[in-house]
Amino acid sequence: MTRTHTLGFPRMGAHRELKFALEKHWRGEIGTAALEAVGADLRARHWQAQSDAGLDFVTVGDFAFYDHVANHIQLLGCEPPRFDFAAEAELARYFTMARGVADETGHEGCTHGGHGTFALEMTKWFDTNYHYLVPEFTANTRFGLASVRLFDEVAQAQKLGHKVKAVLLGPLSFLWLGKEKEAGFDRFTLLDALLPVYEQVLARLKSLGVEWVQIDEPILGLDLPDAWRNAFERSYWQLARSAPKLLLATYFSPLAENLRLACQLPVAGLHVDAVRAPEELTGVADWLPAHKALSVGIVDGRNIWRTDPAAALERLQPVADKHKGELWIAPSCSLLHVPFSLASETKLDAEIKSWLAFAVEKLDELRVLRAALDGEDSSVEAELAAARAATAARRGSPRVHRAEVALRLARAVATDDRRVSAFAQRQSEQRDRLALPLMPTTTIGSFPQTAAIRAARAAFKRGELDAGGYRGKMQAEIRLAVHKQEELGLDVLVHGEAERNDMVEYFGEQLDGFVFTANGWVQSYGSRCVKPPVIFGDVARPKPMTVEWTAYAQSLTKLPMKGMLTGPVTILQWSFVRDDQPRSVTTEQIAWAIRDEVVDLEKAGIGIIQIDEPAIREGLPLRRSRWKSYLEGATRSFRISASGVADRTQIHTHMCYSEFNDILPEIAAMDADVITIETSRSDMELLRGFGDFKYPNEIGPGVYDIHSPRVPTADEMVRLMRKAAAVVPPSNLWVNPDCGLKTRGWPETEVALANMVAAAKVLRGELALRLPRPLPGT
Ligand code: GLN
Ligand code: ZN
């Protein structure tokens, strides 16, 4: 008999109940007891959904009021001492770690300090768009079993009559995901102090009658240093002493050189991700001893497509035949990464809806697959037939496959991803055309999204404001933004992005091949959820998307107006993507659509076009061996989007993060004429990499942090740019903020930009004395 289970379930609730309760609690509108009641109710409902689908266990321990890693910080008693907690209650401490403490000026603590107590750093959970709170470790970190929340949740589930499988993040992954807060210290040395606490936790779970504990060690899918790899065996021998049966769970990535290690650890079962690494299933079935349970993650936990039962069974059957021990089936990873249920998608295109499965539907897929696998097909005949019909319809649908899109990719020639001339030639033509001063000033695209802008957009979407009225309001915002930029003395202007609520959704809504859900929310961090577009078919651009706004903005000024687009990799990365063709093909389709827009902007007289690619780095595969092919595809797609224009048209790109050193050759290979990046918080340190690498094109290192309302002085920005000019040729430098300004208010933005323009003037004066020959406009 095959068993079914899930590695985890979405926490937010069918209608994002948790989000709304959390935000009420943080505003002081509901107390701890009311919030806890919402949590308990959601858990009960989510366990019921698992039980309704006939799962062999409900999963307990995946719930969190903010983040599951933060839960482990409290469970394992390693709250960082810098928070200086005294008698605060557990949940209050939890939210303080998650959100920081406001100081007397009302500024919430942010990660880079200065005000109040700053929150734990947040970072991406592997290659997902979920963000976890980063544990902080020093030589003084102590551990101790410090929270009973997990045990209470187990008791709650048991009281409701469920059979419980508890879930824990394993000790090695927990340490790996944390960060040293002390120079020269290695968090790995904490392992021996940590293991006894895990033993205690496991013993306690056992005493509660929990038979199975799923212990997640997703780092087995990473390239691990030897010390970490080698520690698995002894750690799990130690844990095995007091533990219930352990199901070691891995996901997101092939196990590769860790496959045998994972199969041989002293645990009672192993879960593998058969969606991300189907090619390893046979090896796992070979290596896993017969007395261990094999859990196959067959249903895609990272995407929203309905499982094709024929394909799944074809994959499962040989494993079932080969593995003599227990066979379990599950989603590939926690369902945290998919929306709750299709039930609330009442407006979604019915045909496309029949191709999808969200968390609740995925649980039901397990029920059907299990029956089929166990030879009880007759009991699920209707479900199997429906799933087969839907997946077949999707495969053959003309809405998915469009000959002209395929043809366009097939006809691409080697030079399609190359500009006409090399950078030096383009640079000289662009300098002649644009006649910008030395160290030109610009911004990254968006200006403050005021309440009035959001209200107008919402009214337009609801149909309360007609297209003409909406256009009038947006044009007024553009006029305002252009006027302010001219007054401030900026050199390259932007239209301000008032018409966009989101840099991917705005384009997805206008491109063929995308659909949008009403309720497809996925947790991003804390109470924040995102609703990614769904790319279901071949992507094409039926008509221009930004030309009218940009041309209007340009008509208001003689200064250059920078067109503003989102790049193909970012559009792909922040969407649910097709699983019926390689991601690289979908990216390339988007690239051609963006190229059409770039060309149309050029035709409309726009001389500078920025193609934002903030997500290139986050798309990096978890295994380094897969980086090369990803980066080749990503840079090629960017270049396709950027290469349809003449040399005199200047292409910018923007990336808002600060780790470039390991991908500098690929960043250079994108061959954007200008790249703007985030550097202010690193005090320009990261620019050193660009300097050492001799990055050939122009760079705008961010001179002020737009995440904080603090207004930087001109002196600070001068100091940062001097540092920049020491590593990058000054004639290649631009002056700009770290990122877009949409989350800021106008007053602080105006002062900051005025200071930035003043800083550029000081720098130009200094440089004019140093440079051998004057540059245009100086
Ligand atoms: N052009 C976008 C903006 O300014 C860029 C946003 C981003 O990098 N995430 O808002
Ligand atoms: Zn940015």
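So that you can map any letter, position 410 of the sequence shown is 1277 in my numbering, and since no number is skipped, the others follow by simple counting. Even glycine gets a Cβ: it sits at the ideal position worked out from N, Cα and C.
For this session: With distances taken Cα to Cα, identify the nearest neighbour of glycine 1206 among Gly1335, Ala1238, Glu1344 and Arg1169.
Result: Here residue 1206 refers to the residue found at position 339 of the sequence shown. Rather than glycine, the amino acid found at residue 1206 in this sequence is proline. That would be Arg1169, whose Cα lies nearest to the Cα of proline 1206.
Problem set entry | Contacts around phenylalanine 1052, its chain only, beta-carbon distance under 8 Å, and the 5 residues preceding and following it disregarded | Here residue 1052 refers to the residue found at position 185 when the sequence shown is read from its first residue. Cβ neighbours of phenylalanine 1052 beyond the five flanking positions: Phe1004, Thr1005 and Ala1006.
Problem set entry | isoleucine 1311 CB to nearest heavy atom of ligand 2 below 7 Å | Locating residue 1311 in the sequence shown gives position 444, where the first residue counts as 1. Flag set: Cβ of isoleucine 1311 near ligand 2.
Problem set entry | As assigned by DSSP and simplified to three states, the class of tyrosine 999 | Walking along the sequence shown from the start, residue 999 turns up at place 132. In the structure shown, tyrosine 999 sits in a strand (DSSP, three-state: E or B).
Problem set entry | Simplified DSSP assignment, three categories, for methionine 1412 | On the sequence shown, position 545 is the one that residue 1412 refers to. Here methionine 1412 sits in coil by DSSP.
Exercise. Starting from glutamine 1646 and walking both ways along the beta strand (DSSP E), at which residues does that stretch end?
Worked result: Outside the displayed span of the chain (868 to 1645) sits residue 1646, for which this structure offers no information.
For this session: Determine the direct distance from the alpha carbon of serine 1201 to that of valine 1389, and round the result to whole angstroms.
Result: By 1-based counting over the sequence shown, the position of residue 1389 is 522. By 1-based counting over the sequence shown, the position of residue 1201 is 334. Our two residues, valine 1389 and serine 1201, have alpha carbons roughly 12 Å apart in a direct line.
Exercise. For arginine 1127, which three-state DSSP category applies?
Worked result: For the purposes of this step, residue 1127 is identified with residue 260 of the sequence shown, where counting begins at 1. Arginine 1127 falls in the helix class under three-state DSSP.
For this session: Kindly identify the DSSP beta-bridge partner or partners of histidine 1204.
Result: By one-based count along the sequence shown, residue 1204 stands at place 337. Histidine 1204 is not bridged by DSSP to any residue.
Problem set entry | Proximity test, Cβ basis, 8 Å: glycine 1037 and chain C | Chain labels in this structure do not include chain C; a single protein chain is all it has.
Problem set entry | At least 3 beta-carbon pairs within less than 8 Å: the segment 1169-1183 vs the segment 1255-1264 | yes
Problem set entry | Residues near phenylalanine 952 in its chain [Cβ-Cβ closer than 6 Å; skip 5 each side] | Position 85 of the sequence shown, counted from the first residue, corresponds to residue 952. So the list reads Arg960, once near-sequence residues are dropped.
Exercise. Tell me, which residues are paired with proline 1198 by DSSP?
Worked result: Here residue 1198 refers to the residue found at position 331 when the sequence shown is read from its first residue. Paired residue(s): Val1166.
For this session: May I ask you to check if the CB of aspartate 1479 is nearer than 7 Å to at least one heavy atom of ligand 1?
Result: The residue given as residue 1479 occupies position 612 in the sequence shown. Because some heavy atom of ligand 1 lies under 7 Å away, the Cβ of aspartate 1479 counts as near it: yes.
For this session: Please name the residue, chosen from Lys1026, Phe1119, Ser1040 and His913, that lies closest to arginine 1490 on a Cα-to-Cα basis.
Result: Working through the sequence shown from its first residue, we reach residue 1490 at position 623. Cα-wise, what sits closest to arginine 1490 is Phe1119.
Problem set entry | Extent of the continuous beta strand (DSSP E) to which alanine 1407 belongs | On the sequence shown, residue 1407 is found 540 positions in, with the first residue counted as 1. Unbroken beta strand (DSSP E) run through alanine 1407: 1401-1407.
Problem set entry | Distance between alanine 1627 and serine 1547 (C-alpha atoms, nearest Å) | Residue mapping note: residue 1547 aligns to position 680 of the sequence shown, counting from 1. Residue mapping note: residue 1627 aligns to position 760 of the sequence shown, counting from 1. Answer to the nearest angstrom: the Cα atoms are 15 Å apart.
For this session: Pick out the complete alpha helix (DSSP H) segments inside the segment 884-908, 4 residues or longer, and give them in chain order.
Result: 884-893
Problem set entry | Contiguous alpha helix (DSSP H) assignments of at least 4 residues, all confined to the segment 1135-1162 | 1148-1154
Exercise. Would the beta-carbon of serine 1313 fall within 8 Å of that of leucine 1608?
Worked result: The residue labelled residue 1313 in the question sits at position 446 within the sequence shown. The residue labelled residue 1608 in the question sits at position 741 within the sequence shown. Taking 8 Å as the cut-off, the beta carbon of serine 1313 is found closer than this to the beta carbon of leucine 1608.
Problem set entry | For lysine 1112, three-class secondary structure by DSSP | Working through the sequence shown from its first residue, we reach residue 1112 at position 245. Per DSSP, reduced to three states, the secondary structure at lysine 1112 is strand.
Problem set entry | Where glutamine 917 sits in the DSSP three-state scheme | Within the sequence shown, numbered from 1, the residue matching residue 917 stands at position 50. It is helical.
Exercise. Does the Cβ of arginine 1493 have 16 or more other Cβ atoms within 10 Å, making it buried, or fewer, making it exposed?
Worked result: Taking the first residue of the sequence shown as position 1, residue 1493 is located at position 626. The residue in question, arginine 1493, is exposed, as its Cβ has fewer than 16 Cβ neighbours within 10 Å.
Exercise. Exposed or buried, what is alanine 1144 when buried is set at 16 or more other beta-carbons lying within 10 Å of its beta-carbon?
Worked result: Against the sequence shown, residue 1144 aligns to sequence position 277. The residue is buried, with at least 16 neighbouring Cβ atoms inside 10 Å.
For this session: Count the other C-beta atoms from every protein chain shown that fall within 10 angstroms of the C-beta of glutamate 1243, then say buried if there are 16 or more, exposed otherwise.
Result: The residue given as residue 1243 occupies position 376 in the sequence shown. Counting the other CB atoms within 10 Å of its CB gives glutamate 1243 a total below 16, which places it among the exposed residues.
Exercise. Along the chain, where does the beta strand (DSSP E) that runs through valine 1034 open and close?
Worked result: If you number the sequence shown from 1, residue 1034 lands on position 167. Going by DSSP, valine 1034 is part of the beta strand (DSSP E) stretching over 1031-1036.
Exercise. Considering only residues of the same chain and omitting the five flanking positions on each side of glutamate 1049, which have a CB-CB separation below 7 Å?
Worked result: Working through the sequence shown from its first residue, we reach residue 1049 at position 182. Excluding residues within five positions, the ones whose Cβ falls inside 7 Å are Thr1005 and Ala1006.
Problem set entry | First and last residue of the uninterrupted beta strand (DSSP E) at tryptophan 1441 | For the purposes of this step, residue 1441 is taken as the residue at position 574 of the sequence shown. Neither: tryptophan 1441 is in no beta strand (DSSP E) and is coded neither H nor E.
For this session: Would you identify the three-state DSSP class for tryptophan 822, choosing helix, strand or coil?
Result: The first residue shown for the chain is 868 and the last is 1645, placing residue 822 beyond what the model contains.
Problem set entry | Candidates Arg1589, Pro1597, Asp1605 and Met1551, of which the one nearest serine 1575 by Cα | Within the sequence shown, numbered from 1, the residue matching residue 1575 stands at position 708. Measuring from the Cα of serine 1575, the nearest candidate turns out to be Asp1605.
Problem set entry | As assigned by DSSP and simplified to three states, the class of arginine 1611 | Locating residue 1611 in the sequence shown gives position 744, counting from the first residue. It is coil, neither helix nor strand.
Exercise. Can the beta-carbon of valine 1227 be found closer than 8 Å to that of alanine 916?
Worked result: The residue you call residue 1227 lines up with position 360 of the sequence shown. The residue you call residue 916 lines up with position 49 of the sequence shown. Contact: yes.
For this session: Within its chain, find whatever has a CB closer than 7 Å to the CB of leucine 1554; leave out the 5 residues flanking it on each side and keep chain order.
Result: As a first step, residue 1554 must be located in the sequence shown, where it is residue number 687. Within its own chain, the residues whose Cβ lies closer than 7 Å to the Cβ of leucine 1554, once the five positions on either side in sequence are excluded, are Thr1546, Pro1568, Ala1591, Val1594 and Val1595, listed in chain order.
Problem set entry | Inter-residue Cα distance where the pair is glycine 1632 and proline 1579 | Locating residue 1632 in the sequence shown gives position 765, where the first residue counts as 1. Locating residue 1579 in the sequence shown gives position 712, where the first residue counts as 1. Taking the Cα positions, glycine 1632 is about 20 Å away from proline 1579.
For this session: Enumerate in chain order the residues of its own chain whose CB-to-CB distance from valine 936 is below 7 Å, with the five nearest sequence positions on each side excluded.
Result: Against the sequence shown, residue 936 aligns to sequence position 69. For valine 936, where only same-chain residues beyond five positions count, the Cβ hits under 7 Å are Tyr999, Leu1000, Pro1002, Leu1036 and Leu1044.
For this session: Sort out for me which residues DSSP pairs proline 1568 with in a bridge.
Result: Residue mapping note: residue 1568 aligns to position 701 of the sequence shown, counting from 1. According to DSSP, which records beta bridges pairwise, proline 1568 is partnered with Ile1544.
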